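Student: Okay, so the sequence shown: first residue is 8 according to my numbering, each after it adds one. Note that CB positions come from ideal geometry on N, CA and C, so glycine has one too. Keep in mind it's a predicted model, so treat the numbers as computed, not measured.
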Amino acid sequence: MKSTYHITVRGYELDSFGHLNNAVYLNYAEQAKWEFLNDNKLLEIVNQYGLFPVILENNIRYMHEFKLLDKVRIETEWICTHKILHFKHIFFNDKTEVKSCTISGKLMFADSNRMVSDIPDEIYNFMQEDLN
Numbered sequence: 008m009k010s011t012y013h014i015t016v017r018g019y020e021l022d023s024f025g026h027l028n029n030a031v032y033l034n035y036a037e038q039a040k041w042e043f044l045n046d047n048k049l050l051e052i053v054n055q056y057g058l059f060p061v062i063l064e065n066n067i068r069y070m071h072e073f074k075l076l077d078k079v080r081i082e083t084e085w086i087c088t089h090k091i092l093h094f095k096h097i098f099f100n101d102k103t104e105v106k107s108c109t110i111s112g113k114l115m116f117a118d119s120n121r122m123v124s125d126i127p128d129e130i131y132n133f134m135q136e137d138l139n
């Protein structure tokens, strides 16, 4: 399954060299995840089961800088197993099409006791629809 998220680089996100601070990429990736879950009504399902998403890992590779007011496009590929939601975000400058960064990682769901849960069937099935 694939998703796309857009955001514009803001002035307060720049470092002393005038480009997007490296830590902000994680903020953008996190927002792209929440938007995907919300836009597809998956967050409602997660809440119904009393679960919450937990990031297990993020692996970041920086390739090119973003500057003030650059339009950022994050294309994400999602792969779902029964306990893990794998993701790969690819960050592009929407104007130049230059790839700036990749963030790949894993997300799981935990219950209120902080125990790992299987991904609810409704989410798993939704994630598999693109593959069929």
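I need the DSSP call for F73, collapsed to helix, strand or coil.
Tutor: coil
Student: State buried or exposed for G18, treating a residue as buried only when at least 16 other CB atoms are found within 10 Å of its CB.
Tutor: exposed
Student: On the criterion of 16 or more Cβ atoms from any shown chain inside 10 Å, does E64 qualify as buried, or is it exposed?
Tutor: exposed
Student: Using DSSP bridges, identify the partner residues of P60.
Tutor: F116
Student: Could you give the distance in angstroms between the alpha-carbon of S107 and the alpha-carbon of W41?
Tutor: Rounded to the nearest angstrom, the two C-alpha atoms are 21 Å apart.
Student: Looking at the strands, I want to know which residues DSSP matches up with T83.
Tutor: Beta-bridge pairing links T83 to S10 and H96.
Student: Measuring alpha carbon to alpha carbon, tell me which residue in K95, I81 and F59 is nearest P127.
Tutor: Checking every option, the nearest Cα to that of P127 belongs to F59.
Student: What separation, rounded to the nearest whole angstrom, lies between the Cα atoms of F73 and E104?
Tutor: 12 Å
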